[in-house]
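Counted from 1, the sequence shown has number 305 at position 305 by my numbering; the numbering is strictly sequential.
Following: one structure in structure tokens, then a few remarks.
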Amino acid sequence: MNKYIKNDIAIIGAGVIGCAIARRLSQYTNSVIVIEKETDIGWGTTKANSGIIHAGYAGEAGSLKLRLSPRGNKLFRKNARELDIPVKKPGSLVNANDRTQIAELEKLYTRGLNNGVPNMRIIKGNKEIKKLEPNIKKEVCASLLAKDACIVSPYETVIALYENSKANGISFLFNNNVLKIENNAKFLIHTDQAVIEAEYIVNAAGLFTDNIAAMIGDTSFNIKAVKGQYFLIDKEEDYIRHINFPLAAGKDKRSKGILMAPTIDGNILIGPNYIQSDKCDLSTEDRNYREITDKIGKYFNNIPFDKVITSFSGLRAVSDTNDFIISPSPANTKFINAAG
């Protein structure tokens, strides 16, 4: 017989979002349970992503992605200090290799200013850019520098959030796959091992937030999976100094583009590309290697691809609104979606 558990709040999903919400709620109540279908925290999008805290110039005007980014940058650094999460602030560069693209850089700059992003400037001329990134190609003619962009370790972040939540009395239920939710005066969440009664649900199930929402009759959004492959290069001192993005153009505007950045441990991370995928496909392919090396090779000289030590893919959740969804469900205001 499945066990019966009662809590005021149930969070579905123990990735970095679910654990961050748990940690915040633990400052007010410990009647919170986090339900996770995997055997450990951070097994979804959290475990394979770029580990970047963006400055706040990217995103469509009026979107939550744009509006919340500068505040999120400041709050993350504050939380990192409280939890001893390693953070480095190398800043980011968005690089243009064609003078016709400078107007696009200026749009990003203006968007950032209007969004309250500090410490930005546009650098024109390859000579000055090379002072910041000595290995950049001579074709790069302008860059947008945002000094507040940071790098973190995704897994160290989620571990710190989890450990602090646990210390504050939050319960975690692993290896429990949610099968259905009864949408009554109180929610009854049926997993393959337990029934959890809760007054409120926070839906932080990542790629599967739309599936979970549909269990209470909420079909207001859909989530598609986008796969991206990465390459990790062995530690190469001073080859790369900033988080580097290409200026996205054409269909590449679907994402921020293929980046090259230092990691918190001193390696070099390159990727991801953009492949529409199913929600479980983490395969890697040689053709992705060719695509990534060709694209990043337009911006940098002598990239040490001979020192690649591993390759992996990550899946990111993209909503059909192309924005974050952080709001009560239209099906029940006590069911909060944290999606996209």
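Even glycine gets a Cβ: it sits at the ideal position worked out from N, Cα and C.
(request) Determine the direct distance from the alpha carbon of Cys19 to that of Ile189, and round the result to whole angstroms. (result) The count along the sequence shown starts at 1 and reaches residue 189 at position 189. The count along the sequence shown starts at 1 and reaches residue 19 at position 19. Answer to the nearest angstrom: the Cα atoms are 19 Å apart.
(message) Between which two residues does the beta strand (DSSP E) holding Ala338 run?
(response) Counted from its first residue, the sequence shown places residue 338 at position 338. Its beta strand (DSSP E) spans residues Asn332 to Ala339.
(request) Would you check if the stretch 288 to 304 and the stretch 168 to 185 touch, i.e. whether three or more CB-CB distances between them fall below 8 Å? (result) no
(request) Could you name the residues of the same chain whose beta carbon sits closer than 7 Å to that of Ile151, not counting the 5 residues immediately before and after it, in chain order? (result) Numbered from its first residue, the sequence shown carries residue 151 at position 151. Once the five neighbours on either side are set aside, the close Cβ partners of Ile151 are Gly51, Ile52, Lys88, Pro90, Ile243, Ala261, Pro262, Thr263 and Ile264.
(message) With a threshold of 6 Å on Cβ separation, who are the neighbours of Arg169 within its own chain once the five nearest residues in sequence on each side are excluded?
(response) Taking the sequence shown and counting its residues from 1, the one referred to as residue 169 is at position 169. Strictly speaking, residue 169 in this sequence is Gly, with Arg absent from that position. For Gly169, where only same-chain residues beyond five positions count, the Cβ hits under 6 Å are Asn30.
(request) Kindly indicate which three-state DSSP category Asn30 falls into: helix, strand or coil? (result) In the sequence shown, the residue the question calls residue 30 occupies position 30. In the structure shown, Asn30 sits in coil (DSSP, three-state: anything other than H, G, I, E or B).
(message) Can you look up Asn273 in the DSSP assignment and give me helix, strand or coil?
(response) Numbered from 1 along the sequence shown, position 273 holds the residue referred to as residue 273. Looking at Asn273 - three-state DSSP - the assignment turns out to be coil, as it is neither helix nor strand.
(message) For Ala214, report the span of its beta strand (DSSP E) as first-last.
(response) Start at 1 with the first residue of the sequence shown, and residue 214 comes out as number 214. It is not in any beta strand (DSSP E) - Ala214 instead sits in the alpha helix (DSSP H) that spans Thr209 to Ala214.
(request) State the beta-bridge partners of Asn164 as determined by DSSP. (result) For the purposes of this step, residue 164 is taken as the residue at position 164 of the sequence shown. Beta-bridge pairing links Asn164 to no other residue.
(request) Starting from the C-beta of Lys6, find all residues in its chain whose C-beta is less than 6 Å away, skip the five residues before and the five after it, and write them out in chain order. (result) Along the sequence shown, read from residue 1 onward, the residue named residue 6 stands at position 6. Glu197.
(request) Helix, strand or coil for Gly112, going by three-state DSSP, please let me know. (result) Reading the sequence shown from its first residue, position 112 is the one you call residue 112. Here Gly112 sits in helix by DSSP.
(message) In the DSSP assignment, the beta strand (DSSP E) including Phe245 goes from what residue to what residue?
(response) For the purposes of this step, residue 245 is identified with residue 245 of the sequence shown, where counting begins at 1. It spans Ile243 to Pro246 - the beta strand (DSSP E) in which Phe245 sits, taken as one unbroken run.
(request) Would you be able to state if there are at least three C-beta pairs under 8 Å between the stretch 275 to 286 and the stretch 219 to 235? (result) yes
(message) Using the Cβ count rule (16 or more neighbours within 10 Å means buried), how would you classify Ser69?
(response) Within the sequence shown, residue 69 is the residue found at index 69, counting from 1. The residue in question, Ser69, is buried, as its Cβ has 16 or more Cβ neighbours within 10 Å.
(request) Report buried or exposed for Asn115, applying the criterion of at least 16 other Cβ atoms within 10 angstroms of its Cβ. (result) Your numbering for residue 115 matches position 115 in the sequence shown. With 16 or more other Cβ atoms within 10 Å, it is buried.
(request) Starting from the Cα of Leu247, find the closest Cα among Ala103, Glu156 and Arg316 and give me that residue. (result) The sequence position of residue 247 within the sequence shown is 247, counting from 1. Of the candidates Ala103, Glu156 and Arg316, the one whose C-alpha sits nearest the C-alpha of Leu247 is Ala103.
(request) Grab the span of the alpha helix (DSSP H) containing Thr219 for me, first residue to last. (result) Your numbering for residue 219 matches position 219 in the sequence shown. First-last for Thr219: undefined, no H or E at that position.
(message) Let's see if you can read the secondary structure: which residues bound the alpha helix (DSSP H) around Gly72?
(response) Start at 1 with the first residue of the sequence shown, and residue 72 comes out as number 72. It spans Leu64 to Leu83 - the alpha helix (DSSP H) in which Gly72 sits, taken as one unbroken run.
(request) Quick one: using the 10 Å Cβ neighbour count with 16 as the cut-off for buried, is Arg316 buried or exposed? (result) Here residue 316 is taken as the residue at index 316 of the sequence shown, counted from 1. With 16 or more other Cβ atoms within 10 Å, it is buried.
(request) Given a cut-off of 8 Å, decide if Ile223 and Ile12 are closer than it, judged by their beta-carbon atoms. (result) The residue labelled residue 12 in the question sits at position 12 within the sequence shown. The residue labelled residue 223 in the question sits at position 223 within the sequence shown. No, the Cβ-Cβ distance between Ile12 and Ile223 is not below 8 Å.
(message) Check whether the stretch 145 to 159 and the stretch 52 to 63 touch, using three or more Cβ-Cβ pairs below 8 Å as the test.
(response) yes
(request) Would you please state the rounded distance, in angstroms, between the beta carbons of Thr45 and Gly314? I believe it to be under 8 Å. (result) For this step, residue 45 is matched to residue 45 along the sequence shown. For this step, residue 314 is matched to residue 314 along the sequence shown. Yes, they are in contact, since the Cβ atoms of Thr45 and Gly314 sit about 6 Å apart, within 8 Å.
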